[in-house]
Structure formats: C-alpha cells, structure tokens
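Notes follow the structure.
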Amino acid sequence: MARESESGFEIAPVYGPGDVAPGLEERLGEPGSYPYTRGVYPTMYTGRPWTMRQYAGFGTAQESNERYRHLVEQGTGGLSVAFDLPTQMGYDSDDPIAHGEVGKVGVAIDSLDDMRILFDQIPLDQVSTSMTINAPAAVLLVLYQLVGEEQGVDPSQLTGTIQNDVLKEYIARGTYIYPPQQSLRLITDIFRYCKAEIPRWNTISISGYHMAEAGATPAQEIAFTLADGIEYVRAAVATGQDVDEFAPRLAFFFVSRTTILEEVAKFRAARRIWADVMKNEFGAKDPKSHMLRFHTQTAGVQLTAQQPEVNLIRVAVQGLAAVLGGTQSLHTNSYDEAIALPTVKAATLALRTQQVLAYETDVTATVDPFAGSYVVEAMTDEVEAAARALMGRVEEMGGAVAAIEKGFQKSEIERSAYDVTKGIDSGERVVVGVNRYQSKQEERYEPLRVNPTIEQDQRDRLADLRARRDNDAVQRALADLKKAAATPSENVLYPMREALRELATVGEVCGALREVWGVYSPQEFF
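First residue of the sequence shown? That's 187 in our numbering, and the numbers climb one at a time after it.
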C-alpha cells in the first residue's frame with residue numbers, strides 16, 4: 187500500500203527512470219553552480235563539515251554565558267542565542283507585562299550591561315553568533331556590536347546572523363511589535379547599516395522553521411518562506427539598494443523532520459526555486475545572490491515528553507536529513523526539550539550527535555550523496571511544483587504582506603496542523619510512545635528549573651542602571667531616535683546605537699519606536 191508524503195504526495199513503492207521528468211541534468215547542474223540543486227558549494231562537506239551551532243539561553247546572562255562557554259569547550263563552532271519572551275517583544279524585565287516570563291524560554295537581556303555578561307570571555311572575532319530575535323533584532327545587533335568594540339573587535343570582523351524575519355511572526359509565531367510596513371522599513375535599515383558597518387553579518391534569516399512547527403507541510407514551509415524572502419528583496423530594492431549589494435548576506439532557516447527523503451527533496455527544491463527567482467525576477471548577477479544558504483534545526487514539534495530518550499533517535503535521523511540536504515549550519519535539539527529547558531547533559535549529547543554524523547559516518551566523504559536517486563529527484567520536482575503553486579497564490583493576492591493581511595498563510599498552515607492532529611488521534615499517523623508502543627512505567631526525569639528569583643534580580647539590576655546612568659543623555663538620544671523613525675530617509679540604527687551606548691534599555695528603545703510607528707493589531711479571519 188502506497189504511503190503519502192508530508193506534503194500529500196503519494197510515495198510509490200518503487201521508482202525508476204520513468205518517474206523522473208525529462209531535463210534532469212539541466213535542473214541539477216553541478217554542485218556550487220546554478221541552479222544549486224546539488225548544493226551551494228562545489229566541495230560541500232568534503233573540505234570541512236557544516237557549522238555546528240547549538241541554540242541555548244535561559245535565566246540570567248551569567249547562567250547562559252556559562253552554558254555557552256561549556257558548548258565552546260565541547261567543540262561547537264557557533265553560538266545561537268535564545269531570548270526570553272519579554273526581550274523578544276521589546277519589553278524590559280521590570281515591565282508589568284513581563285511578569286512571570288523573565289528568563290523562562292531564553293535569556294533576559296535588558297541593556298548593554300546584560301550583553302557584556304552574556305559574552306564575557308567569548309572572543310567575538312573567533313565565534314559566529316546567531317540570535318533568534320525578530321522585532322527587536324536591530325537593538326540586539328547593535329548591543330552585540332558595542333560589546334565587540336569593547337573587546338577591541340572591529341565590526342568588520344564580526345560574523346553571525348540575526349533572524350530579523352518579522353513577516354513569519356505575523357504568520358506563525360506572534361512576537362511582532364510594529365505594523366508590517368514599519369517592520370519592513372526597520373529591516374531595510376538593517377540591510378543598509380550592516381553593509382556599511384558590519385559587512386560580514388547575515389542580515390536576516392528568513393525562517394520556515396516556525397511555520398513548520400505550527401503545522402506547515404514541507405511544500406508550505408518553503409513556499410511561504412520564499413514568498414517572504416521575495417517581499418524583503420522587493421522592499422530593499424524599493425529603497426534604492428542594488429540587489430547584489432545585499433542579497434549575498436540573506437540566509438534562510440528551515441526545519442528538518444524525520445521524513446528523510448522528503449526533507450532532502452525540500453532543501454533541493456528550495457535552492458532551485460530561489461536561484462531562479464533571484465536570477466530571472468530580480469536580475470541578480472552575482473552568483474552569491476542566487477545561493478540559498480540555510481541553517482537547519484531539527485524538529486522540536488516531533489519530540490515527545492513520553493519516553494524522552496527516544497528523541498535521541500529522532501534527532502539523529504533529523505540531523506542526517508539536514509546534512510544529506512546540504513545545510514550550512516545545524517542545531518540538533520536536546521532529547522529533553524519537550525519537557526523543559528535542556529540540561530547540560532542533554533545539550534552535550536545533542537552536540538555529540540552532530541559530531542558523530544560529521545566524523546564517524548561517510549556522508550561527508552562525497553558531495554550530494556542522493557543526486558540521481560529516482561525517488562529523491564521525483565519528490566524534488568513534486569515539492570517544487572507544489573511550492574510554486576502556493577507562491578503563485580500569494581502573488582495573486584499582491585505578495586506576502588497582502589496575503590498575511592488576508593490570513594492566507596496562517597489559515598493554510600492551521601488546516602495542515604489539524605490534519606496532522608487528526609492523523610495522530612486516529613492512529614493513522616504513528617508516534618512511537620504516544621499512540622503506539624507506549625511504556626507502562628515512565629522513568630522519572632528531573633528537568634532543569636529556572637531560578638524563580640531571576641525576575642527580581644533583573645528588576646534590581648535595572649533600578650541600579652537607571653540610578654547610575656546619565657538619564658538626560660538617554661532622553662536626548664531617545665528623542666533623536668524618534669525623530670529618525672519619523673523621517674523615512676533616516677536610518678534608525680545610528681541613533682539607536684547612541685541610545686544603547688548611553689545605557690538606554692531594550693524596552694525604552696522599542697518603546698520609542700512604538701510611539702512613532704504604533705503596534706500591530708492582528709485581524710480575525712473567518
């Protein structure tokens with residue numbers, strides 16, 4: 187009996203040459219060459235493996251700093267910062283709205299003081315840092331730059347990525363602040379600022395991961411992500427920027443599920459579509475502008491609280507799919523993440539999973555191991571066709587922002603999530619340990635717990651900061667920021683940097699922009 191893929195295609199029991207559409211060689215190309223189906227670099231992992239980047243952050247800046255230093259000692263090649271919800275929403279830890287959430291799902295960062303502690307004894311000229319931050323991305327980027335300068339690191343040496351993808355927040359995640367047009371303004375200001383000030387920084391990580399976690403199929407994930415990417419490129423071009431000036435610094439972020447074959451096909455299809463769009467729609471001439479470079483995280487939504495050790499196997503399979511699909515960097519989830527924040531042991535095991543894939547298997551010995559596979563090539567074509575059809579529907583609505591305002595992407599993803607839930611509830615979709623092969627007696631697990639005094643500690647730190655800083659200088663700097671925000675031709679990151687240097691807080695800076703730009707209020711769609 188034939189099975190269906192996650193995107194709804196029938197998976198045949200046997201594939202052969204007749205299942206692959208004519209013109210395969212043209213669609214494939216060579217590794218490192220247009221249309222980049224086989225990977226963005228000619229040698230891929232045969233020279234060196236992907237960047238092993240572990241996502242971490244909880245509690246105070248001091249606690250997170252200790253975890254980062256442990257991961258660096260254990261061999262991680264890049265850091266990835268998780269921020270708590272108040273920071274993600276642009277509120278300080280002493281704001282009433284932050285009560286109960288400080289330090290819970292990431293680290294609390296309120297000011298330059300916290301950022302200094304977060305990266306204490308971590309050489310920013312030697313470590314690549316990714317920051318999962320969106321609406322306040324500019325604020326955290328500038329704080330990172332200021333800490334680097336205090337370490338004596340020239341901004342031109344800083345490498346890393348800010349997620350900075352607000353459109354997917356309206357679709358799937360919810361940590362937005364400003365209305366879409368003002369968010370696009372801020373993003374294009376970041377593009378221009380980084381070109382001038384931090385040229386090696388990846389200015390955006392256009393993210394399908396969160397859509398997938400919300401229930402998107404592989405085809406929906408890449409369709410809606412690439413549609414958002416097109417919207418960002420159009421916004422930047424509309425400000426007068428040449429596409430080849432900023433496009434090489436664009437990056438993407440996808441999930442990797444346990445369905446290896448379709449995930450590999452998804453990554454190949456995404457590269458091919460993006461190369462075509464950049465070359466033929468935007469006229470990009472630099473080959474680097476055609477390349478879809480991406481980070482991958484294994485699928486947190488597929489991890490289970492039941493029999494959590496089984497998640498080690500899931501994560502290994504998902505990590506393998508990402509590697510076979512040609513990812514540039516990878517985060518492997520910890521086996522206990524369905525229960526609580528990862529323990530040190532679990533985070534270390536997650537990193538070891540990547541190291542085993544890189545150094546104990548032979549998947550890094552050859553470029554693009556699945557090239558020419560009848561099933562993968564057929565599935566790549568199917569995922570590509572489905573994604574292009576969805577992208578066409580977004581275009582018919584006027585682009586990603588217009589489709590978001592109509593609720594299109596959100597409703598499509600919610601429909602897919604409902605289908606998955608129905609499949610699990612009925613037993614048609616097997617989840618080991620949940621609806622089949624349950625264990626009668628689960629082992630006791632002791633989760634990592636966040637210290638409940640963190641919120642008061644952060645409040646005390648903020649009170650001390652406000653007492654010792656030059657508050658008149660802070661207010662002048664915030665006034666300059668509001669003036670720039672009200673002037674479309676001005677880049678808000680320059681006055682923002684000066685305000686943060688004067689020890690303005692994250693909440694104060696975001697609040698200044700709220701005063702000028704307002705906040706986004708989502709509509710209900712029926």
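We put the CB at the ideal spot given by N, CA and C, even for glycine.
From the DSSP output, read off the bridge partner residues of Thr315.
-> Looking up residue 315 in the sequence shown gives position 129. The partner list for Thr315 (beta bridge, DSSP) reads Leu265 and Gly346.
Considering only the beta carbon of each residue, do Arg479 and Val705 sit closer than 7 Å?
-> Residue mapping note: residue 479 aligns to position 293 of the sequence shown, counting from 1. Residue mapping note: residue 705 aligns to position 519 of the sequence shown, counting from 1. Against a cut-off of 7 Å, the Cβ pair of Val705 and Arg479 comes out as no contact.
Can you give me the start and stop residues for the beta strand (DSSP E) that Val441 sits inside?
-> Taking the first residue of the sequence shown as 1, we reach residue 441 at position 255. Per DSSP, Val441 is one residue of the beta strand (DSSP E) stretching across Leu436 to Ser442.
I think Gln504 touches Thr444, with their Cβ atoms under 8 Å apart; what is that distance to the nearest whole Å?
-> Numbered from its first residue, the sequence shown carries residue 504 at position 318. Numbered from its first residue, the sequence shown carries residue 444 at position 258. Between Thr444 and Gln504 the Cβ distance is about 6 Å, and since that is below 8 Å, they are a contact.
Do Leu689 and Ser324 come within 7 Å of each other at the CB atom, strictly closer than that value?
-> Numbered from 1 along the sequence shown, position 138 holds the residue referred to as residue 324. Numbered from 1 along the sequence shown, position 503 holds the residue referred to as residue 689. Correcting the residue type first, residue 324 is Ala in the shown sequence and not Ser. In this structure, Ala324 lies away from Leu689, with their beta-carbon atoms at least 7 Å apart.
Straight-line Cα distance separating Gln540 from Ala698 = The count along the sequence shown starts at 1 and reaches residue 698 at position 512. The count along the sequence shown starts at 1 and reaches residue 540 at position 354. Approximately 42 Å, taken between the alpha carbons.
Considering only residues of the same chain and omitting the five flanking positions on each side of Ala571, which have a CB-CB separation below 7 Å?
-> Translated into the one-based positions of the sequence shown, residue 571 becomes position 385. Around Ala571: no qualifying Cβ.
Using beta-carbon positions only, say whether Asp554 and Arg234 come within less than 7 Å of one another.
-> Here residue 554 refers to the residue found at position 368 of the sequence shown. Here residue 234 refers to the residue found at position 48 of the sequence shown. Contact: no.
Classify Ile392 as helix, strand or coil using the three-state DSSP reduction.
-> Stepping through the sequence shown from its first residue, residue 392 is reached at position 206. In the structure shown, Ile392 sits in a strand (DSSP, three-state: E or B).
Give the DSSP-derived three-state secondary structure of His476 in the structure shown.
-> Residue 476 sits at position 290 when you count from the first residue of the sequence shown. DSSP places His476 within a helical segment (H, G or I) once states are collapsed to three.
Taking the alpha-carbon positions, what's the Phe712 to Arg579 distance?
-> Within the sequence shown, numbered from 1, the residue matching residue 712 stands at position 526. Within the sequence shown, numbered from 1, the residue matching residue 579 stands at position 393. Any reading at Phe712 needs caution, since the residue's pLDDT is 30, under 50, leaving its predicted position unreliable; the model's value is listed next. Taking the straight line from one Cα to the other gives about 19 Å.
Since Tyr241 is in the beta strand (DSSP E), which residue starts that stretch and which ends it?
-> Within the sequence shown, the letter at position 55 stands for residue 241. Per DSSP, Tyr241 belongs to the beta strand (DSSP E) from Thr237 to Ala242.
Over what stretch of residues does the beta strand (DSSP E) that includes His517 continue unbroken?
-> As a first step, residue 517 is located in the sequence shown; it is residue number 331 there, counting from the start. Unbroken beta strand (DSSP E) run through His517: Ser515 to His517.
Delimiting residues of the alpha helix (DSSP H) encompassing Lys471 = The residue you call residue 471 lines up with position 285 of the sequence shown. Careful: Lys471 lies outside any alpha helix (DSSP H) and carries neither H nor E.
Say whether the region 279–292 touches the region 333–340, bearing in mind that this needs 3 or more beta-carbon pairs closer than 8 Å, one atom from each stretch.
-> Put simply, the region 279–292 does not touch the region 333–340. Fewer than three CB pairs are less than 8 Å apart.
Report the partner residues of Gly245 according to the DSSP bridge assignment.
-> Taking the sequence shown and counting its residues from 1, one reaches residue 245 at position 59. DSSP, once it has assigned bridges, lists Val293 as partnering Gly245.
Go ahead and pull the three-state DSSP assignment for His285.
-> One-based indexing of the sequence shown puts residue 285 at position 99. If DSSP states are grouped into helix, strand and coil, His285 belongs with coil.
Based on the DSSP secondary-structure assignment, which residues constitute the bridge partners of Val618?
-> Walking along the sequence shown from the start, residue 618 turns up at place 432. Here Val618 is bridged, per DSSP, to Arg622.
Find the nearest neighbour of Phe453 within the set Asp472, Ala422 and Leu412, judged by alpha-carbon distance.
-> For the purposes of this step, residue 453 is identified with residue 267 of the sequence shown, where counting begins at 1. Cα-wise, what sits closest to Phe453 is Leu412.
Thr550 vs Tyr231 beta-carbon contact at 7 Å | Within the sequence shown, residue 550 is the residue found at index 364, counting from 1. Within the sequence shown, residue 231 is the residue found at index 45, counting from 1. By the CB criterion at 7 Å, Thr550 and Tyr231 fall inside the cutoff.
By Cβ distance, which residues of its chain are closer than 8 Å to Ala526, with the 5 residues on each side in sequence left out?
-> Within the sequence shown, residue 526 is the residue found at index 340, counting from 1. In the same chain as Ala526, and ignoring 5 residues on each side of it, the C-beta atoms closer than 8 Å to its own belong to Pro633, Leu634 and Arg635, in chain order.
Own chain residues within Cβ distance below 6 Å of Ala421, not counting five before or after | Translated into positions along the sequence shown, residue 421 becomes position 235. Cβ neighbours of Ala421 beyond the five flanking positions: Leu370 and Thr374.
Using the C-alpha atoms, what's the distance from Leu648 back to Thr403?
-> Against the sequence shown, residue 403 aligns to sequence position 217. Against the sequence shown, residue 648 aligns to sequence position 462. So the alpha carbons of these two residues sit roughly 43 Å apart.
For the candidate residues Glu417, Leu537 and Met565, whose alpha-carbon lies nearest to that of Arg239?
-> As a position in the sequence shown, residue 239 is number 53, starting the count at 1. Arg239 has its Cα closest to that of Leu537, out of Glu417, Leu537 and Met565.
Measure the C-alpha to C-alpha separation of Gly511 and Glu449 and round it to an integer number of angstroms.
-> Sequence index remark: in the sequence shown, residue 511 carries index 325 (1-based). Sequence index remark: in the sequence shown, residue 449 carries index 263 (1-based). Cα to Cα, the separation comes out at about 7 Å.
Note down the Cα distance separating Asn497 from Ala268, rounded to an integer number of angstroms.
-> Working through the sequence shown from its first residue, we reach residue 497 at position 311. Working through the sequence shown from its first residue, we reach residue 268 at position 82. Rounded to the nearest angstrom, the two C-alpha atoms are 21 Å apart.
Ignore the nearest five residues each way along the sequence and tell me which others in Gln248's own chain have a CB closer than 6 Å to its CB.
-> The sequence position of residue 248 within the sequence shown is 62, counting from 1. Ile303.
Below 8 Å CB to CB, which residues in the same chain sit around Arg700 once its five sequence neighbours on both sides are set aside?
-> Here residue 700 corresponds to residue number 514 of the sequence shown, with the count starting at 1. Result list for Arg700: Gly276, Ile363 and Tyr364, in chain order.
Where do the N-terminal and C-terminal ends of the alpha helix (DSSP H) with Gln488 fall, by residue?
-> Taking the sequence shown and counting its residues from 1, the one referred to as residue 488 is at position 302. Looking at the DSSP string, Gln488 is not in any alpha helix (DSSP H), and its letter there is neither H nor E.
Output the distance between the C-alpha atoms of Glu710 and Lys596, rounded to the nearest integer angstrom.
-> The residue given as residue 710 occupies position 524 in the sequence shown. The residue given as residue 596 occupies position 410 in the sequence shown. Residue placement at Glu710 cannot be trusted, given a pLDDT of 45 that sits under 50; the coordinates are not used to answer.
Answer with buried or exposed for Asp311, where buried requires no fewer than 16 other C-beta atoms within 10 angstroms of its C-beta.
-> Counting from 1 along the sequence shown, the entry for residue 311 is found at position 125. By the 10 Å Cβ count, Asp311 comes out exposed.
Quick one: residues in its chain with C-beta nearer than 7 Å to the C-beta of His396, no 5 flanking neighbours on either side, listed in chain order?
-> Here residue 396 refers to the residue found at position 210 of the sequence shown. Cβ neighbours of His396 beyond the five flanking positions: Lys354, Ala358 and Arg359.
6 Å CB neighbourhood of Met464 in its chain, flanking five on each side removed = Reading the sequence shown from its first residue, position 278 is the one you call residue 464. Around Met464: Ala470, Ser475 and His476.
Going along the chain, which residues of its own chain have a beta-carbon closer than 6 Å to the beta-carbon of Gly292, five neighbours each way excluded?
-> Here residue 292 is taken as the residue at index 106 of the sequence shown, counted from 1. Same-chain partners within the cutoff: Gly243, Ala268, Phe269 and Asp270.
Which word fits Gly289, buried or exposed, when buried means at least 16 other C-beta atoms lie within 10 angstroms of its C-beta?
-> To locate residue 289, count along the sequence shown from 1; it is residue 103. Gly289 should be labelled buried.
Contact check, Val561 vs Tyr220, beta carbons under 7 Å | Position 375 of the sequence shown holds residue 561. Position 34 of the sequence shown holds residue 220. Their beta carbons are not under 7 Å apart, which means Val561 does not touch Tyr220 by this criterion.
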